[in-house]
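Student:
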Amino acid sequence: MTSQVSSHAEQADSAVVGGQRKPSGDKEVRRLDRVIIRFAGDSGDGMQLTGDRFTSETASFGNDLSTLPNFPAEIRAPAGTLPGVSSFQLHFADHDILTPGDAPNVLVAMNPAALRANIADVPRGAEIIVNTDEFTKRAMQKVGYADSPLEDGSLEGYRVHPVPLTTLTVEALKEFELSRKDAGRSKNMFALGLLSWMYHRPTEGTESFLKSKFAKKPDIAAANIAAFRAGWNFGETTEDFAVSYEVAPAAAAFPTGTYRNISGNLALSYGLVAASRQADLPLYLGSYPITPASDILHELSKHKNFGVRTFQAEDEIAGIGAALGAAFGGSLAVTTTSGPGVALKSETIGLAVSLELPLLVVDIQRGGPSTGLPTKTEQADLLQAMYGRNGEAPVPIVAPKTPADCFDAAIEAARIALTYRTPVFLLSDGYLANGSEPWRIPEVDELPDLRTQFAHGPNHTLDDGTEVFWPYKRDPQTLARPWAVPGTPGLEHRIGGIEKQDGTGNISYDPANHELMVRTRQAKVDGIDVPDVEVDDPSGEAELLVLGWGSTYGPITAAVRRLRNAGQPVAQVHLRHLNPLPGNLGGVLKRYPNVVVPEMNLGQLATLIRAKYLVDARSYTQVNGMPFKAEQLATVLKEALDG
43 MTSQVSSHAE QADSAVVGGQ RKPSGDKEVR RLDRVIIRFA GDSGDGMQLT
93 GDRFTSETAS FGNDLSTLPN FPAEIRAPAG TLPGVSSFQL HFADHDILTP
143 GDAPNVLVAM NPAALRANIA DVPRGAEIIV NTDEFTKRAM QKVGYADSPL
193 EDGSLEGYRV HPVPLTTLTV EALKEFELSR KDAGRSKNMF ALGLLSWMYH
243 RPTEGTESFL KSKFAKKPDI AAANIAAFRA GWNFGETTED FAVSYEVAPA
293 AAAFPTGTYR NISGNLALSY GLVAASRQAD LPLYLGSYPI TPASDILHEL
343 SKHKNFGVRT FQAEDEIAGI GAALGAAFGG SLAVTTTSGP GVALKSETIG
393 LAVSLELPLL VVDIQRGGPS TGLPTKTEQA DLLQAMYGRN GEAPVPIVAP
443 KTPADCFDAA IEAARIALTY RTPVFLLSDG YLANGSEPWR IPEVDELPDL
493 RTQFAHGPNH TLDDGTEVFW PYKRDPQTLA RPWAVPGTPG LEHRIGGIEK
543 QDGTGNISYD PANHELMVRT RQAKVDGIDV PDVEVDDPSG EAELLVLGWG
593 STYGPITAAV RRLRNAGQPV AQVHLRHLNP LPGNLGGVLK RYPNVVVPEM
643 NLGQLATLIR AKYLVDARSY TQVNGMPFKA EQLATVLKEA LDG
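Quick note on my numbering: the sequence shown kicks off at 43 and runs consecutively.
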């Protein structure tokens with residue numbers, strides 16, 4: 043990047059050091075330990091791209107971070123309406139953080155709808171950057187503003203920056219001979235440039251990204267870069283922005299290693315590829331697109347060089363049917379979906395239980411029931427994963443706790459599936475899938491060896507001395523049946539959904555055999571080797587235990603930290619394995635007189651815990667499509683401590 047600034051942009055006495063644009067030093071610079079920024083506008087305003095670019099530059103700078111994208115389900119919701127508002131929240135800091143933050147310190151509102159939809163979350167004293175060009179009478183009336191909020195005093199107590207973002211962007215791009223409408227589309231890049239100046243974010247990566255994204259349209263790339271630079275220069279030169287801020291890198295928060303920013307779905311995709319390499323098996327994905335799981339299909343389709351084969355089926359049932367066929371054929375087989383797709387796949391999951399083949403069922407949970415809330419998060423598929431099949435059809439369940447943890451959870455799910463010859467549920471959710479955080483890229487020698495042996499010949503001797511292959515003769519340790527790849531001489535055997543005879547695999551309607559097979563399949567899942575749960579109770583004096591699973595980890599941990607900082611002893615346990623549950627969990631629960639289980643459902647884990655361990659676990663639940671806030675949980679836990 044050069045220091046030359048186009049003549050149409052406001053000139054700034056800025057320095058360029060090592061390819062990075064730096065503030066001139068003429069304005070006050072304040073140091074902060076953390077900041078929460080929310081970009082908000084129409085779903086066509088590019089808020090997700092803007093947030094993603096700010097996040098990428100923040101990650102490259104070395105801050106710890108956590109993000110919360112929030113967007114409508116419609117491809118293009120009605121412009122200027124409350125249902126059409128799209129937002130992206132980023133929390134970054136010079137220390138270890140766990141959540142996207144409870145309330146933004148800065149709100150960028152691209153129109154009246156964005157302001158109206160988000161102002162309730164913004165605390166007094168926060169900064170609000172408003173695109174005044176969009177605050178027309180008609181646009182304000184559309185969202186219920188009788189008078190302009192910029193003039194009626196309703197924003198008193200906030201630090202409001204009225205900026206004509208559209209006009210400034212159009213002016214900056216006048217040499218490109220674009221229409222006002224086309225030029226105005228780059229206003230998100232102007233806003234990104236302004237915020238990049240305010241928080242001293244790197245700029246070279248964004249400019250490289252724009253050149254790459256619009257490589258086939260260099261004029262569009264140049265226009266977006268010009269808008270980005272104009273926003274940066276506007277912050278540097280205007281009197282309205284007298285202060286910029288520095289948030290130092292969070293070097294002390296991270297162990298030594300190579301880091302990158304990663305979303306949950308991307309981490310999960312990489313985990314599946316890593317698992318297939320560690321197992322020395324081809325990876326097969328049979329899937330049907332569904333929000334918020336589709337990104338996994340998109341990502342895995344890029345990795346044919348790692349032996350990945352992806353199949354976009356005509357529906358959910360065909361997707362899992364193909365995946366189960368791939369498992370029968372000797373692949374590490376995966377199907378990805380969300381809650382509605384799990385309902386459609388349930389019969390084939392039951393078939394996989396009966397056939398006892400390794401299959402990963404990845405459920406990126408969203409709000410329900412039925413189509414529900416496609417772009418909002420929820421944890422309401424736990425009981426569906428546990429019991430949502432006919433008959434006794436037990437399936438192991440693994441749940442990641444953070445976006446980066448999706449990588450390790452995918453490898454763990456693959457370990458269980460391959461070792462025990464069983465389908466395995468991997469329960470992520472929309473919050474983890476779309477959110478992001480720094481991830482330390484592991485060394486290959488840190489990954490587990492997942493190689494497994496296929497059956498190669500007879501494994502049973504009949505009374506007359508004949509050697510035969512019995513497809514349901516089990517490993518005495520794992521109770522796993524042999525994995526026989528079709529076409530292997532001497533390993534011919536029956537396949538299908540009707541009950542199998544123990545050992546031989548022949549069709550059997552015998553009551554005693556059915557009882558044996560049902561109990562054996564359950565014993566296999568019950569006997570899966572999972573690590574004991576770790577209890578986080580530094581003082582050893584806590585009487586309150588907070589039990590969580592999945593994506594509630596961040597908010598719960600942040601709330602527990604707040605209470606401990608206030609001198610309140612609180613213990614915490616977070617579950618990765620939900621079926622089977624860790625062997626020591628019952629003993630842990632009985633040590634604490636008070637157990638609170640926060641969940642984004644109506645108390646599904648609490649129901650299981652109360653039934654299995656007969657403890658008075660109390661639910662705290664939320665099903666509004668959004669993750670918990672740390673302060674919200676801290677208040678609830680404080681009330682529990684106070685009795």
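Here a beta-carbon is modelled for each residue, glycine too, at the ideal position from N, C-alpha and C.
Pick helix, strand or coil for Q614, following the three-state DSSP scheme.
Tutor: Here residue 614 corresponds to residue number 572 of the sequence shown, with the count starting at 1. Note: Q614 maps to strand in three-state DSSP.
Student: Go through the segment 268-326 residue by residue and report every complete run of the beta strand (DSSP E) that reaches 3 residues or more, in order.
Tutor: The qualifying runs are 285-289, 301-305.
Student: Check H556 in the structure and name its three-state DSSP category.
Tutor: Position 514 of the sequence shown, counting from 1, holds the residue named residue 556. Looking at H556 - three-state DSSP - the assignment turns out to be helix.
Student: At what residues does the beta strand (DSSP E) containing D94 begin and finish?
Tutor: For the purposes of this step, residue 94 is identified with residue 52 of the sequence shown, where counting begins at 1. Counting along the chain, D94 falls outside any beta strand (DSSP E), though it belongs to the alpha helix (DSSP H) covering 89-103.
Student: Closest to I514 by CA distance: which of A214, L397, P442, Y326 is it?
Tutor: The residue labelled residue 514 in the question sits at position 472 within the sequence shown. What sits at residue 514 in the sequence shown is Tyr, not Ile. If we check each option's Cα against that of Y514, L397 comes out closest.
Student: For the beta strand (DSSP E) that contains Q37, what are its first and last residues?
Tutor: There is no way to answer for residue 37, as the model of the chain reaches only from 43 to 685.
Student: Output the boundary residues of the alpha helix (DSSP H) element that contains T390.
Tutor: For this step, residue 390 is matched to residue 348 along the sequence shown. Element bounds for T390: 381-397.
Student: Mark A672 as exposed unless 16 or more other C-beta atoms lie within 10 angstroms of its C-beta, in which case mark it buried.
Tutor: Walking along the sequence shown from the start, residue 672 turns up at place 630. Answer is buried; the Cβ neighbour count reaches 16.
Student: Between T378 and I338, which are expected to be in contact by the criterion C-beta below 8 angstroms, what is the C-beta distance as a whole number of angstroms?
Tutor: For the purposes of this step, residue 378 is taken as the residue at position 336 of the sequence shown. For the purposes of this step, residue 338 is taken as the residue at position 296 of the sequence shown. 5 angstroms between Cβ atoms; contact.
Student: What are the boundary residues of the alpha helix (DSSP H) that includes V678?
Tutor: Locating residue 678 in the sequence shown gives position 636, where the first residue counts as 1. Where V678 is concerned, the enclosing alpha helix (DSSP H) stretches over 672-683.
Student: Identify every run of the beta strand (DSSP E) within the segment 454-495, keeping only runs that are complete inside it and at least 3 residues long; order them along the chain.
Tutor: If we require 3 residues or more, the beta strand (DSSP E) runs fully inside the segment 454-495 come out as 465-471, 478-482.
Student: Would you call G685 buried or exposed, if buried means 16 or more other Cβ atoms sit within 10 Å of its Cβ?
Tutor: Position 643 of the sequence shown, counting from 1, holds the residue named residue 685. Its Cβ having fewer than 16 others within 10 Å, G685 is exposed.
Student: Consult DSSP for E509 and reduce its assignment to one of helix, strand or coil.
Tutor: Residue numbering aside, residue 509 sits at position 467 when the sequence shown is read from its first letter. E509: strand per DSSP, three-state reduction.
Student: How is the alpha helix (DSSP H) around Y655 delimited, first residue to last?
Tutor: Translated into the one-based positions of the sequence shown, residue 655 becomes position 613. First-last of the alpha helix (DSSP H) with Y655: 646-655.
Student: Residues bridged to E583 by DSSP?
Tutor: Stepping through the sequence shown from its first residue, residue 583 is reached at position 541. E583 pairs with nothing; no bridge assigned.
Student: From I453 to A335, what distance separates their C-alpha atoms?
Tutor: Mapped onto the sequence shown, residue 453 falls at position 411. Mapped onto the sequence shown, residue 335 falls at position 293. Their Cα atoms are separated by approximately 18 angstroms.
Student: Tell me where the beta strand (DSSP E) around L74 begins and ends.
Tutor: Against the sequence shown, residue 74 aligns to sequence position 32. Residues 70-74.
Student: Could you tell me the boundaries of the beta strand (DSSP E) in which L401 lies?
Tutor: Reading the sequence shown from its first residue, position 359 is the one you call residue 401. Element bounds for L401: 401-407.
Student: Is the separation between the beta-carbon of E169 and that of V185 shorter than 8 angstroms?
Tutor: Working through the sequence shown from its first residue, we reach residue 169 at position 127. Working through the sequence shown from its first residue, we reach residue 185 at position 143. No, Cβ-Cβ distance for E169 and V185 is not below 8 angstroms.
Student: Pull up the distance between the alpha-carbon of A321 and that of I540, whole angstroms please.
Tutor: Here the question's residue 321 lines up with position 279 in the sequence shown. Here the question's residue 540 lines up with position 498 in the sequence shown. Cα-Cα distance, rounded: 30 angstroms.
Student: According to DSSP, simplified to helix, strand and coil, what is N666?
Tutor: Translated into the one-based positions of the sequence shown, residue 666 becomes position 624. In the structure shown, N666 sits in coil (DSSP, three-state: anything other than H, G, I, E or B).
Student: By Cβ distance below 6 angstroms, which residues in the same chain neighbour H535 in space, the five residues on each side in sequence not counted?
Tutor: Looking up residue 535 in the sequence shown gives position 493. Within the same chain, H535 has close Cβ partners P513, G547.
Student: Taking just the CA atoms, how far does P484 sit from G226?
Tutor: Stepping through the sequence shown from its first residue, residue 226 is reached at position 184. Stepping through the sequence shown from its first residue, residue 484 is reached at position 442. When rounded, the distance between both Cα atoms is 43 angstroms.
Student: Can you name the residues that DSSP bridges to N112?
Tutor: As a working mapping, residue 112 is identified with position 70 in the sequence shown. BP columns for N112 point to S129.
Student: For G363 versus P528, is the C-beta distance shorter than 8 angstroms?
Tutor: Stepping through the sequence shown from its first residue, residue 363 is reached at position 321. Stepping through the sequence shown from its first residue, residue 528 is reached at position 486. Result no, Cβ atoms of G363 and P528 do not sit closer than 8 angstroms.
Student: Give the DSSP-derived three-state secondary structure of W525 in the structure shown.
Tutor: Residue mapping note: residue 525 aligns to position 483 of the sequence shown, counting from 1. Here W525 sits in coil by DSSP.
Student: Return the CA-CA distance between A497 and F96, expressed in angstroms with no decimal places.
Tutor: Taking the sequence shown and counting its residues from 1, the one referred to as residue 497 is at position 455. Taking the sequence shown and counting its residues from 1, the one referred to as residue 96 is at position 54. Taking the straight line from one Cα to the other gives about 52 angstroms.
Student: Short check: CB of I570 to CB of P436, under 8 angstroms?
Tutor: Counting from one through the sequence shown, the residue named residue 570 turns up at place 528. Counting from one through the sequence shown, the residue named residue 436 turns up at place 394. No.
Student: Give me the Cβ distance between A151 and V172, rounded to the nearest whole Å; I'm assuming they're in contact under 8 angstroms.
Tutor: For the purposes of this step, residue 151 is taken as the residue at position 109 of the sequence shown. For the purposes of this step, residue 172 is taken as the residue at position 130 of the sequence shown. Confirmed, Cβ separation roughly 5 angstroms.
Student: By how many angstroms is the C-alpha of A682 removed from the C-alpha of Y326?
Tutor: Here residue 326 is taken as the residue at index 284 of the sequence shown, counted from 1. Here residue 682 is taken as the residue at index 640 of the sequence shown, counted from 1. Approximately 47 angstroms, taken between the alpha carbons.
Student: Tell me whether G590 sits in a helix, a strand or coil according to DSSP, three-state version.
Tutor: Looking up residue 590 in the sequence shown gives position 548. G590: strand per DSSP, three-state reduction.
Student: List the whole-angstrom C-beta distance separating Y662 from G628, where the pair is believed to meet the contact cut-off of C-beta under 8 angstroms.
Tutor: The residue you call residue 662 lines up with position 620 of the sequence shown. The residue you call residue 628 lines up with position 586 of the sequence shown. At roughly 22 angstroms, the Cβ-Cβ gap does not stay under 8 angstroms, so Y662 and G628 are not in contact.
Student: Determine the burial state of R118: buried for a count of at least 16 other Cβ atoms within 10 Å of its Cβ, exposed for fewer.
Tutor: Reading the sequence shown from its first residue, position 76 is the one you call residue 118. Answer is exposed; the Cβ neighbour count stays below 16.
Student: Pull up the distance between the alpha-carbon of A272 and that of G122, whole angstroms please.
Tutor: Here residue 272 corresponds to residue number 230 of the sequence shown, with the count starting at 1. Here residue 122 corresponds to residue number 80 of the sequence shown, with the count starting at 1. Whole-angstrom Cα-Cα distance: 25 angstroms.
Student: If you draw a straight line from the C-alpha of G361 to the C-alpha of A369, how long is it?
Tutor: Residue 361 sits at position 319 when you count from the first residue of the sequence shown. Residue 369 sits at position 327 when you count from the first residue of the sequence shown. Rounded to whole angstroms, G361 to A369 spans 13 angstroms at the Cα level.
Student: Just checking my contact of Q614 with V588 at CB under 8 angstroms: how many whole Å lie between their CB atoms?
Tutor: Residue numbering aside, residue 614 sits at position 572 when the sequence shown is read from its first letter. Residue numbering aside, residue 588 sits at position 546 when the sequence shown is read from its first letter. Yes, they are in contact, since the Cβ atoms of Q614 and V588 sit about 5 angstroms apart, within 8 angstroms.
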